[in-house]
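Note sheet for the following structure.
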Amino acid sequence: PSFELSQGECPPGATRASPPSGLFRAKPHWYERYVQPCVAELLGSALFIFIGCLSVVEDAGGTGRLQPALAHGLALGLTIAVLGNISGGHFNPAVSLGVWLVGGLNITMLIPYWISQLCGGIIGASLTKAVTTDEHYANATGGAFSGVVADEQIPSVLVGEIVMTTFLVLAVCMGAINEETKTPLAPFCIGLTVTVDILAGGAISGACMNPARAFGPALVANYWDYHWVYWVGPMLAGLLVGALVRCVRSAPSQPNVCLTLRSSPPRGAGLMQSLCFAVASTHGRCQP
């Protein structure tokens, strides 16, 4: 028998269902798949780190952690809302690592994302230096993290960075990646997480949570004291969240696909077999 797949009416007894979204969508161009996300990560990282560094350098009012906390959180939430549909809105190597571990990022894009984020950090830090006075820039070491001044601080700083970054990456993976828990409020929630972390832990480590945020200002200001701490802590947190999310989320259900053969009256002479398919819902069953 011959088989025909058409958009006409299914024979009696078969259940009609829409094909899965994207089934007949044209394959994205290589530029859209590989270049655009990296450009979005570069741009978003540059904007976020520029605002973050500027809020530290120009904190002339002595607001303590309040101004940097609000500036970092609002800037991150806005950049995620604007660019998130293009790249996912990571702007953070630790976030990209965690997202990759939970299956939200292709391995071929992990290194390009990291490179884009670090380059964005350099651009953002350079813009900060360009628009501020030399005095303010020097007083704040260009927005670089300079809170660790002795070896005795390293354990508390590492633990603080791991815990605070875990909170951030968990908010990203569960609020924006996991199908069962993600929410349209993810940009707001992620930005608020950064604000809360800085308000709570800024005095401990500076609440970096982002190797790109540490690297760009350190390179431009040439300030490398204890810089490695702000890589080790956040990246360990990314690894930790990758394991935690897989422990707490349920395994994704696969849609049931039912193929049924039905006989239908031919348009021409004789009878022919027509093929009808129905894709059930995630928790549904194939109809008889």
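Counted the way the UniProt record's numbering counts, the sequence shown spans residues 1 to 288. Glycine included, C-beta positions come from ideal geometry on N, C-alpha and C.
Roughly how many angstroms separate the alpha carbons of residue i and residue j, rounded to a whole number?
i, j, result
"V131", "V169", "31 Å"
"W224", "F215", "9 Å"
"A140", "V56", "7 Å"
"L244", "C119", "30 Å"
"P217", "A75", "17 Å"
"G117", "E152", "Correcting the residue type first, residue 117 is Gln in the shown sequence and not Gly. Straight-line Cα distance between these residues: approximately 31 Å."
"V149", "L219", "18 Å"
"L83", "F50", "16 Å"
"I177", "I111", "19 Å"
"R246", "E161", "22 Å"
"A125", "N222", "11 Å"
"H72", "P28", "33 Å"
"G206", "G147", "6 Å"
"A171", "L54", "25 Å"
"H136", "Y31", "41 Å"
"H90", "I204", "24 Å"
"N85", "T133", "36 Å"
"T193", "R33", "29 Å"
"T183", "R249", "15 Å"
"residue 311", "V35", "Lying outside 1 to 288, the shown extent of the chain, residue 311 is not represented and no answer is given."
"E41", "N92", "9 Å"
Residue i by DSSP, collapsed to three states: which one?
i, result
"S146", "coil"
"A140", "coil"
"L74", "helix"
"G84", "helix"
"residue 289", "Any question about residue 289 goes unanswered here, given that the chain covers just 1 to 288."
"T63", "coil"
"P68", "helix"
"P155", "helix"
"R249", "coil"
"G160", "helix"
"V279", "Note that V279 has pLDDT 36, beneath the 50 cutoff, so the model's placement of it is unreliable and no number is given."
Determine the extent of the alpha helix (DSSP H) in which residue i is found, giving its start and end residues.
i, result
"F50", "36-57"
"L101", "93-101"
Is the stretch 89-100 touching the stretch 55-75 in the sense that three or more CB pairs, one from each, lie closer than 8 Å? These segments do not touch.
Restricting to runs no shorter than 4 residues, where is the alpha helix (DSSP H) found entirely within the stretch 173-247? 186-205, 211-221
Would you call the stretch 110-124 and the stretch 39-59 in contact, with 3 or more CB pairs under 8 Å? Verdict: yes, contact present.
Using 8 Å as the cut-off, can you tell me whether the stretch 72-86 makes contact with the stretch 229-246, which would need three or more C-beta pairs spanning the two stretches below that distance? no
Evaluate contact between the stretch 196-206 and the stretch 65-74, counting only Cβ atoms and requiring at least three cross-stretch pairs below 8 Å. yes
Can you list, in chain order, the stretches of the beta strand (DSSP E) that have 3 or more residues and sit fully within the stretch 108-134? Taking 3 residues as the shortest admissible run, the stretch 108-134 contains no complete beta strand (DSSP E) segment at all.
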